[in-house]
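According to our numbering, the sequence shown is numbered sequentially starting from 251.
Heads up, the beta-carbon is just placed ideally off N, CA and C, and yes, glycines get one too.
Here the structure is laid out as structure tokens; the discussion comes afterwards.
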Amino acid sequence: MEANIHDLKVPLNPRGLNNEDRAVEIIEAGGFPGDEFSEQGIAATCRLRVPRIGCPAKVRSLQKALAMAHGVKRATVVLEIEEAKVLFDPNLTTETLILTEIDNAGFEAELIPAAAEAYKVHIILNRARPGDMPAIKSSLEQAPGVNCVEMEAIGRMVAIGYDPDRTGPRCLLQFLEKYGASLYVPPKRRDVEQLQEACAYRNLFLLSCLFSVPVVAFAMVLPMLPPYGDWLNFRVCSMLTVGMVLKWIFCTPVQFLAGRRFYVGSYRALQRKSANMDVLVAVGTNAAYFYSVYIVFKASTSNSFKGKDFFETSSMLISFILLGKYLEVMAKGKSSDALARLAHLAPDTACLMTFDDHGNLLSEVEIDTQLIQRNDIIKIVPGAKVPVDGVVISGESNVNESTITGEARSIGKSTGDKVIGGTVNENGCLFVKTTHVGSDTTLSRIVQLVESAQLSRAPAQKLADQISKFFVPVVVVAASVTWLGWLICGELGLYPKHWIPKGMDEFELALQFAISVLVIACPCALGLATPTAIMVASGKGASLGVLIKGASALQNAYKVKTVVFDKTGTLTVGRPEVVSVVLFSTFPMQELCDVAIAIESNSEHPLAKCVVEHAKKMRKKFGARSECRKRIQNFEVFPGEGVGGRIDRKTVLVGNRRLMRAHNIVVGPQVDRYVIENERLAQTCVLVAINGRVAGGFGVIDSPKPGTKAVISFLRSIGISTIMVTGDNWATAFAVARGVGISEVFAEMDPIGKANKIRSLKTSGNIVAMVGDGVNDSHALAAADVGIAIGAGTNIAIEAADIVLMRSNLEDVVTAIDLSRQTVYRIWLNYIWALGYNIIGMPIAAGILYPFFGIRLPPWLAGACMAASSLSVVCSSLLLKCYRRPLNFQST
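Right under this line is the structure:
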């Protein structure tokens, strides 16, 4: 059931509209709900890739720089996927100027191509020479359907943008066949960058270990194994020993090669007048290293000096932090596993069928799925996967769509039915005509929606931003106070001398406590608490057939106290059937069927489709052999009432009683009795008026969806009230509501009335969710705090919604709300753990337990604990991958 967005009669002037009404217009403009408007029109949006952004403090700095950029309305930066989304006024700035502002702020960034450039194929010309490239480009630009050509002469690579309705990758490869053309699929940038980051941290960790292990051996292992370690105490000059020199030599590469990234990160942070984890690590390790260097020089010039160096502290600290960052990157990669699995559901190859004009098979060849073009005929044998979206033109089979929709039961497919790429054909042979390829497929759209959700920013993230803003300065102050406190107490003799470890003095003990405080208090765990949970939950929801289009929707759904349902296609199956046809005038039955077919064929409403199908059967029953080909003029839609137009100079109206009364058509007692009788049976009456008289009526029944009553009951049990709003009549609405357990009903409402009802419910402070499927529901979906669209509904309803239920199953409303609650619970658990970790860890690192229990946290161990805190938060979020539907609905 498809609908053109331009069928919506919504004014394109944003002035005077409230926030909810803007959503539909933004979709019209190619945007998405939530975008704002500039003074001269709709703001533009661009996505940027920001590699090596590092930590929450850098995110905050970049967002601040973007917010101060001229013409930028709003900017969102997501640490986990290293991307930024910028909303800007195209009359005041451009993508190029925004990139310049980012570069001036000390960050690297590049523009992510818009979806409009998705139809682009990369081809390698294996036999082309550099001199051939200009001629190839010229010929390609003149080829039908080619929009743009980008050449790379050195690599013999050509990127071609094309119109999918006119050409495709297969035709372009044939066009360039003499140059040895082959398809090239570039790896996904995010995957490549994540792999590169993981490899970089791994290599740095191994380099650090290469030099740290000898340092630890010289400092802690060999001195415990006499006589093997006695040579370490051999004096080079004065009090300087071989062990001290060797530790200095091996520690230096760790400090300045393996630890270089901390210096770079600290410099960039201080350049932006901010502080982050890199600053803490750099200050802590430098304090240990350079104090140790001071000890070396002091020992080499004095015959009586005794002091202990901390080279092993510096090297072990950097090693543990690098190991923690490597494990963290690997764990974060697991958070988008569900998305990666979705992206690889489509098969690698497909069987392409070629027919002549008479329908005779010419060839059957196996091709790469990337080469499938629109309107190709694909053969899908039992057990094979459907490569792209299409329509069955021949054959019957059962298709398992659980990988896309989460629906466990197989669905029967026959001629005319749609199939989705990535699903599995079970037992029959299907011939499918492809309708959507590339980024247009359902699978690609799911991936895009989930990626968009991962890029969005949850309201809960503001807490971490506020804390992180002051966190590093507070930690530096705490470390300074710790150092001064222990140093002063030691110099004044306020604690026993035996508290000082062998080989140390008061200054060195205080320094170790201060370094431990610096490195254990890392704000990274706070920054990871929300985004990692959102990423995992978005991917998990997609695997269950629940597409959550933004972090705000995911967080808001847990606060929902009222769920408003549309009736037709939402609470009911959406496949109404005509159960009775009655004549109320002298018009013959065939003429009634003819006008009904002619005018209802132009409507997308489910009731209209079932009336057309039944009317066609009635015509055949009365002996009509030819199809009804009546022309309609002045077709008009009356939202919430019906449709009208002129057929053969007759004015025809098809709709409910409100439509008849609005046009001053008399509804006699006979018609009233028929309508009332049907309404008592939860049936809808579609009346047909010709030239101002009610000619007849169709009694239509649309049964409630299986399990609807259980969903309503479950929502009530968890404290959520349910309401029905519908454009249908009161009697039918009450009958359906009573059958599913809804007590509050608002009927005979047009689309604006539905949206106004949502707004009135919100005025009481309730968080309201709207569940709908049709064009008439788009206003209400945009007006609600959380719009939930049934996946089988129209495109405009899906675009206006915050959550899309791919299975068209109301049980997934419960899944969406429950998943939201589990995600928010996990976010707060992450916050409690991250904050509690620092609240408990910092005093221990500062030595609060040392006077009572002799427990001291060396800097290297504090570094390991710091790395463990970030890793534990990521692993906590990964537990959402184990989410299961509520027990009441697991069987589905």
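Return the first residue and the last residue of the alpha helix (DSSP H) that residue i is part of.
i	result
Thr818	Counting along the chain, Thr818 falls outside any alpha helix (DSSP H), and DSSP gives it neither H nor E.
Tyr478	Unbroken run through Tyr478: none, as it is neither H nor E.
Glu1012	Inspection of the sequence shows that residue 1012 is occupied by Lys rather than by Glu. Here the alpha helix (DSSP H) through Lys1012 covers 1001-1012.
Arg930	919-930
Phe512	510-521
Val845	839-850
Phe500	492-503
Ile352	345-354
His608	Where His608 is concerned, there is no enclosing alpha helix (DSSP H), given that its DSSP letter is neither H nor E.
Can you give me the Cβ contacts of residue i inside the same chain, cut-off strictly under 8 Å, excluding the 5 residues immediately before and after it?
i	result
Pro1136	Phe964, Val1064, Thr1065, Asp1068
Val579	Gln444, Glu447, Ala448, Tyr451
Ser288	In this predicted model, Ser288 has a pLDDT of only 35, less than 50, meaning its place in the structure is not dependable; the value taken from the coordinates is given anyway. Counting only Cβ-Cβ distances below 8 Å, and skipping sequence neighbours, we find Lys323, Asp339, Pro340, Asn341, Leu342.
Arg825	Pro856, Cys860, Asp952
Met999	Gly890, Val975, Thr976, Gly977, Lys1007
Please say whether residue j and residue i have beta carbons closer to each other than 8 Å?
i	j	result
Asn884	Gly895	yes
Leu1011	Val1018	yes
Ser1122	Trp1083	yes
Leu457	Leu507	yes
Thr673	Glu651	yes
Thr780	Val1124	no
Arg930	Ala981	yes
Ile670	Val636	yes
Lys558	Met407	no
Asn239	Ser1014	Lying outside 251 to 1142, the shown extent of the chain, residue 239 is not represented and no answer is given.
Leu490	Val442	no
Ile784	Leu797	no
Residue range of the beta strand (DSSP E) that residue i falls in?
i	result
Gln933	933-940
Met401	396-402
Arg896	892-897
Ile362	360-362
Arg324	322-328
Ala409	407-412
Given residue i, which residues of its chain have a CB within under 6 Å of its CB, disregarding the five upstream and five downstream residues?
i	result
Ala945	Ser835, Phe837, Leu842, Val938
Phe560	Ala538, Ser542
Ile643	Phe681, Lys683
Glu367	Because Glu367 carries a pLDDT of 48, less than 50, the predicted location of this residue cannot be relied on, and no value is offered for it.
Leu496	Phe468
Lys387	Val399, Met401
Ser516	Asp528, Val529, Ala532
Ala985	Ala932
Val514	none
Given residue i, which residues of its chain have a CB within under 7 Å of its CB, disregarding the five upstream and five downstream residues?
i	result
Asp415	Arg624
Asp606	Leu612
Leu1099	Ile1105
Ser389	none
Gln290	Note on Gln290: pLDDT 36, under 50, position unreliable in the model; the coordinate value appears next. Cβ within range, chain order: Asn341.
Val486	Val492, Val495
Leu267	Confidence in Leu267 is poor, its pLDDT being 35 and thus under 50, which makes the residue's placement unreliable; the coordinate value appears in the next sentence. Around Leu267: no qualifying Cβ.
Tyr1133	Lys790, Leu1069, Gln1072
Leu909	Phe888, Glu891, Gly892, Leu903
Pro301	Glu332, Glu358, Glu443
Since residue i and residue j are thought to touch, with beta carbons under 8 Å apart, how far apart are those beta carbons, to the nearest angstrom?
i	j	result
Gly534	Pro1108	Contact flag wrong, Cβ pair sits at about 12 Å.
Lys811	Ser971	7 Å
Glu850	Val904	6 Å
Phe338	Ile352	So it is not a contact: roughly 12 Å between Cβ atoms.
Gln620	Leu433	6 Å
Ile973	Ile992	7 Å
Ala1114	Phe570	4 Å
Asp978	Thr818	7 Å
Thr685	Gly640	5 Å
Cys601	Lys575	That belief does not hold up - the Cβ atoms of Cys601 and Lys575 are roughly 47 Å apart, past 8 Å.
Lys335	Arg297	5 Å
Gly321	Arg522	Actually they do not touch by this definition, with Cβ atoms about 21 Å apart.
Ile770	Ala1112	4 Å
Does residue i get closer than 8 Å to chain C when you measure Cβ to Cβ?
i	result
Phe500	Here there is only one protein chain, and chain C is not present.
Exercise. Going along the chain, which unbroken runs of the alpha helix (DSSP H) with 4 or more residues stay wholly within the region 1078-1142?
Worked result: 1100-1103, 1109-1128
Problem set entry | beta strand (DSSP E) runs contained entirely in the region 939-967, provided each spans 3 or more residues | 943-951
Problem set entry | Inside the region 638-682 only - beta strand (DSSP E) runs reaching at least 3 residues | 639-644, 647-650, 661-663
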